[in-house]
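**Student:** Got a structure here, written out as structure tokens. Questions coming.
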Amino acid sequence: RFVREPADARDIAQDAFIKAYRALPGFRGDSAFYTWLYRIAINTAKNHLAALGRRPLEADMRGEDGELLELDPAQHDHATPEHNLITEEVKAAILRVVDRLPPELRTAITLREIEGLSYEEIAQAMECPIGTVRSRIFRAREAIDREVGPLMR
Numbered sequence: 041r042f043v044r045e046p047a048d049a050r051d052i053a054q055d056a057f058i059k060a061y062r063a064l065p066g067f068r069g070d071s072a073f074y075t076w077l078y079r080i081a082i083n084t085a086k087n088h089l090a091a092l093g094r095r096p097l098e099a100d101m102r103g104e105d106g107e108l109l110e111l112d113p114a115q116h117d118h119a120t121p122e123h124n125l126i127t128e129e130v131k132a133a134i135l136r137v138v139d140r141l142p143p144e145l146r147t148a149i150t151l152r153e154i155e156g157l158s159y160e161e162i163a164q165a166m167e168c169p170i171g172t173v174r175s176r177i178f179r180a181r182e183a184i185d186r187e188v189g190p191l192m193r
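Mapping to my numbering: the sequence shown position 60 is 100, numbers consecutive.
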């Protein structure tokens with residue numbers, strides 16, 4: 041979820057598993073294995089993005105003709121062109137806001153809303169108190185609502 045290109049995702053996953061394999065003797069069991077592995081994957085993805093210089097999320101969502109690609113390719117038959125346009129505007133606005141969030145807010149909201157992790161799992165993965173996770177998610181949702189809210193009213 042941190043990178044948009046399947047090839048980049050495969051490279052990062054491979055690097056993360058190699059790092060985890062090498063670090064396995066040092067795994068202390070202080071957290072769940074899944075959380076430990078997930079943290080390695082997150083850090084590997086962040087390092088990859090830092091090395092490349094992060095491209096805007098929206099740039100990855102454009103087709104060859106420059107139009108914004110569908111996030112949900114399954115179109116509803118009953119959707120009107122007006123509904124489709126509004127939906128695309130909202131999706132684009134959300135992507136813009138999430139892309140501009142500070143990394144700690146973007147990571148927290150992504151882990152919660154896209155990956156479906158619990159607050160406890162996010163706290164372990166991000167190595168911070170659960171209260172900090174709640175605050176980051178709240179602030180990310182506020183930022184999204186500020187920009188997207190007017191489109192929904």
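The beta-carbon is built from N, C-alpha and C at its ideal position, and this holds for glycine as well.
Would you be able to state if there are at least three C-beta pairs under 8 Å between the segment 52-69 and the segment 125-139?
**Tutor:** Counting Cβ pairs under 8 Å, fewer than three are found: no touch.
**Student:** Alpha carbon to alpha carbon, how far is residue 91 from residue 146? Give it in angstroms, no decimals.
**Tutor:** Going by the C-alpha atoms only, they are around 18 Å apart.
**Student:** So the alpha helix (DSSP H) residue 60 belongs to, where does it begin and stop?
**Tutor:** Unbroken alpha helix (DSSP H) run through residue 60: 46-63.
**Student:** Where residue 170 and residue 181 are concerned, what is the direct C-alpha to C-alpha distance, given to the nearest angstrom?
**Tutor:** Near 17 Å, if we compare the C-alpha coordinates of residue 181 and residue 170.
**Student:** Please tell me whether residue 55 and residue 75 are closer than 9 Å, where the distance is taken between their beta carbons.
**Tutor:** No, the pair does not count as a contact, with Cβ atoms beyond the cut-off.
**Student:** Check residue 71 in the structure and name its three-state DSSP category.
**Tutor:** Here residue 71 sits in coil by DSSP.
**Student:** Decide if residue 161 is buried, meaning its Cβ has at least 16 other Cβ atoms within 10 Å, or exposed.
**Tutor:** With 16 or more Cβ atoms within 10 Å of its Cβ, residue 161 is classed as buried.
**Student:** With the cut-off set at 9 Å, would you say residue 49 and residue 80 are in Cβ contact?
**Tutor:** Not closer than 9 Å, so no.
**Student:** Just the C-alpha distance for residue 130 and residue 138, rounded to the nearest angstrom, thanks.
**Tutor:** Rounded to whole angstroms, residue 130 to residue 138 spans 12 Å at the Cα level.
**Student:** What did DSSP end up calling residue 155 once you bin it into helix, strand or coil?
**Tutor:** Three-state result, residue 155: coil.
**Student:** So for residue 43, helix, strand or coil by DSSP?
**Tutor:** Residue 43 falls in the coil class under three-state DSSP.
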